[in-house]
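Chains as they are written, first to last, in the numbering used here: chain W, 686 to 947; chain Y, 6 to 81.
Every residue, glycine too, gets a C-beta built ideally from N, C-alpha and C.
As the structure is a prediction and not an experimental result, all values here were calculated from the model.
Let me begin by presenting the structure, written as structure tokens, before commenting on it.
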Amino acid sequence: MTTIDKSGESLEKIIKDFRNEYKIHDWELQYEILKKPSKGIFGLFAHKLALVRFQLPSSLDRAKLFIQNLLEKMRIKYTSLESRMEGKTIYLDINGSPDSGFLIGKNGSMLDNLQYLLNRVFENDRQVERIYLDVDGYRERQADNFLKPYLSQIVNVKLSDKPVTLEPMNAAERRIIHRFVEKENGLRTLTIGEGERKRIVIFSAKQSEKEVLSKSKKYSQHRSKSTDPQTKNKSGKPKSTPGKGNPKPHIKQPQMSNPKHQ
Amino acid sequence: MKELIEFIVKALVDDPSEVNITEITGDKITLYELRVSKADIGKVIGKRGRTASAIRTIINAVSTKQGKRAELEIIE
């Protein structure tokens with residue numbers, strides 16, 4: 686936490702202005718009064734301004750304060766709240782709650798709701814891109830379970846150097862696969878398809894993305910017939926372009942590399 | 006329960022001073038009428054009502070846990 690000193694005529698006004706300036710909620714407000722204001726006696730002595738030292742909470746502090754207060758108001762006990770920030774991503778893990786089952790809910794529905802709300806509250810905070818909420822490592826266990834059926838396919842790519850295209854998945858599921866494969870040496874991932882039909886391609890780092898794309902594009906074009914014309918255009922491109930390793934510069938090159946960034 | 010709703014909604018909106026909750030106690034159900042400033046209604050409801058639904062789910066679960074029933078109504 687950083688501190689900020691503010692001075693002014695009255696304590697109330699200093700606090701009000703500070704809260705407005707930094708959008709500080711009731712539960713985030715922390716300050717100490719360094720100097721009380723005085724009007725002087727009968728106007729004889731010059732009046733003194735008040736001075737207040739505020740604690741300015743970081744985004745991580747604010748996220749923690751929100752969850753701590755939320756749990757308190759939900760009357761849920763817990764032993765610790767772990768928190769860390771990596772870049773613009775915040776991870777919060779509620780540990781040791783007798784109500785952990787309640788917090789997780791059916792198939793993690795309660796946890797998803799709490800996490801959704803948390804992300805909406807910090808939507809306008811530019812320091813925060815995403816907040817992940819977990820209870821006793823539940824999400825981590827779920828990720829492990831989710832990965833299990835794909836492990837053999839991932840190993841196969843490693844052994845055979847043949848790219849593999851997985852079935853369509855939602856963003857959360859794809860993230861689990863991406864994050865896991867990233868840790869594996871010699872393997873890379875990319876995403877093909879649009880909207881609900883996005884699929885992950887796992888491929889060997891020995892291959893170039895372009896090479897993999899040109900092969901899997903035909904596949905994705907096949908599968909996503911009802912997508913917008915823009916996609917069709919994109920997926921059609923690799924077909925008409927010359928084969929792999931052609932060094933000849935192409936005018937359409939920038940467009941060709943577009944699908945990679947989807 | 007009122008405190009919980011107030012806390013969540015105040016965290017969501019831009020103008021917390023305009024958050025107003027009326028508690029109407031019935032035989033079986035307690036009804037909470039929520040009023041926020043016009044500009045903040047969208048924030049409380051969310052895209053396709055996702056935020057409102059998340060708040061309602063939490064309120065229902067917490068009140069059930071305490072052996073009560075609560076319902077949240079957002080007044081526009």
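Quick one: what does DSSP say residue i is sitting in, helix, strand or coil?
{"i": "Arg811 (chain W)", "result": "coil"}
{"i": "Arg769 (chain W)", "result": "strand"}
{"i": "Leu818 (chain W)", "result": "strand"}
{"i": "Ala735 (chain W)", "result": "strand"}
{"i": "Ala890 (chain W)", "result": "coil"}
{"i": "Leu9 (chain Y)", "result": "helix"}
{"i": "Gln71 (chain Y)", "result": "coil"}
{"i": "Lys847 (chain W)", "result": "coil"}
{"i": "Asp45 (chain Y)", "result": "helix"}
{"i": "Gly790 (chain W)", "result": "coil"}
{"i": "Leu777 (chain W)", "result": "strand"}
{"i": "Asn25 (chain Y)", "result": "strand"}
{"i": "Arg860 (chain W)", "result": "helix"}
{"i": "Ser666 (chain W)", "result": "Residue 666 (chain W) lies beyond the residue range present for chain W, which begins at 686 and ends at 947; the question has no answer from this structure."}
{"i": "Leu714 (chain W)", "result": "coil"}
{"i": "Asp690 (chain W)", "result": "strand"}
{"i": "Arg873 (chain W)", "result": "strand"}
{"i": "Ile85 (chain Y)", "result": "Outside the modelled stretch of chain Y, which goes from 6 to 81, sits residue 85 (chain Y), for which no answer is possible."}
So which residues of chain W does residue i contact, with C-beta pairs closer than 7 Å?
{"i": "Leu9 (chain Y)", "result": "Lys758, Met759"}
{"i": "Lys70 (chain Y)", "result": "Phe787"}
Using a C-beta to C-beta distance shorter than 8 Å, which residues of chain W count as neighbours of residue i?
{"i": "Thr56 (chain Y)", "result": "Tyr801, Leu802, Arg805"}
{"i": "Gly51 (chain Y)", "result": "Arg805"}
Please state if the CB of residue j and the CB of residue i are separated by a distance shorter than 8 Å.
{"i": "Ile816 (chain W)", "j": "Ile761 (chain W)", "result": "no"}
{"i": "Val886 (chain W)", "j": "Pro848 (chain W)", "result": "yes"}
{"i": "Gly670 (chain W)", "j": "Gln827 (chain W)", "result": "This structure cannot settle anything about residue 670 (chain W), because the visible part of chain W is limited to 686 through 947."}
{"i": "Val49 (chain Y)", "j": "Thr56 (chain Y)", "result": "yes"}
{"i": "Gly781 (chain W)", "j": "Ser765 (chain W)", "result": "yes"}
{"i": "Leu741 (chain W)", "j": "Ile689 (chain W)", "result": "yes"}
{"i": "Ser692 (chain W)", "j": "Leu736 (chain W)", "result": "yes"}
{"i": "Leu796 (chain W)", "j": "Leu832 (chain W)", "result": "no"}
{"i": "Phe751 (chain W)", "j": "Ala59 (chain Y)", "result": "no"}
Residues of chain Y with CB closer than 9 Å to the CB of residue i, please, in chain order.
{"i": "Asn798 (chain W)", "result": "Ser58, Ala59, Ile60, Thr62, Ile63, Ala66"}
{"i": "Asn754 (chain W)", "result": "Phe12, Ala16"}
{"i": "His732 (chain W)", "result": "In chain order: nothing, as chain Y lies at least about 30 Å away."}
Could you compute how far the alpha carbon of residue i sits from the alpha carbon of residue j?
{"i": "Leu670 (chain W)", "j": "Phe865 (chain W)", "result": "Shown here, chain W extends from 686 to 947; a query on residue 670 (chain W) therefore has no answer."}
{"i": "Leu745 (chain W)", "j": "Glu28 (chain Y)", "result": "33 Å"}
{"i": "Ile779 (chain W)", "j": "Glu8 (chain Y)", "result": "21 Å"}
{"i": "Met759 (chain W)", "j": "Arg769 (chain W)", "result": "23 Å"}
{"i": "Glu767 (chain W)", "j": "Phe807 (chain W)", "result": "18 Å"}
{"i": "Glu706 (chain W)", "j": "Glu814 (chain W)", "result": "22 Å"}
{"i": "Gly871 (chain W)", "j": "Lys843 (chain W)", "result": "7 Å"}
{"i": "Val24 (chain Y)", "j": "Leu719 (chain W)", "result": "32 Å"}
{"i": "Asp19 (chain Y)", "j": "Asp45 (chain Y)", "result": "7 Å"}
{"i": "Lys733 (chain W)", "j": "Glu11 (chain Y)", "result": "38 Å"}
{"i": "Glu76 (chain Y)", "j": "Lys701 (chain W)", "result": "33 Å"}
{"i": "Gly928 (chain W)", "j": "Lys868 (chain W)", "result": "Low confidence applies here, because Gly928 (chain W) scores a pLDDT of 39, under 50, leaving its location unreliable and the question unanswered by this model."}
{"i": "Val897 (chain W)", "j": "Gly47 (chain Y)", "result": "43 Å"}
{"i": "Arg884 (chain W)", "j": "Val840 (chain W)", "result": "18 Å"}
{"i": "Pro722 (chain W)", "j": "Glu697 (chain W)", "result": "11 Å"}
{"i": "Met854 (chain W)", "j": "Glu717 (chain W)", "result": "51 Å"}
{"i": "Arg40 (chain Y)", "j": "Thr876 (chain W)", "result": "43 Å"}
{"i": "Thr687 (chain W)", "j": "Phe739 (chain W)", "result": "8 Å"}
{"i": "Asp846 (chain W)", "j": "Asn830 (chain W)", "result": "25 Å"}
{"i": "Asn804 (chain W)", "j": "Trp712 (chain W)", "result": "18 Å"}
Does the Cβ of residue i lie closer than 7 Å to at least one heavy atom of the ligand NAD?
{"i": "Leu803 (chain W)", "result": "In the structure on display, the ligand NAD does not appear, and there are no ligands present to speak of."}
For residue i, which residues in chain Y fall below 8 Å Cβ to Cβ?
{"i": "Leu714 (chain W)", "result": "Going along chain Y, no residue has its Cβ under 8 Å from Leu714 (chain W), so there is no contact; the nearest lies around 12 Å."}
Residues of chain Y with a CB under 7 Å from the CB of residue i: which are they?
{"i": "Phe751 (chain W)", "result": "Ala16"}
{"i": "His863 (chain W)", "result": "Within chain Y, no residue comes near His863 (chain W); the closest Cβ sits about 24 Å away, beyond 7 Å."}
Near-chain Y residues of the stretch 771-795 of chain W - C-beta to any C-beta below 9 Å: Asp784, Phe787, Gly790, Ser794, Met795
At a Cβ cut of 9 Å, what residues of the stretch 12-34 of chain Y count as close to chain W, listed as they run along the chain? Phe12, Ile13, Lys15, Ala16, Leu17, Asp19, Pro21
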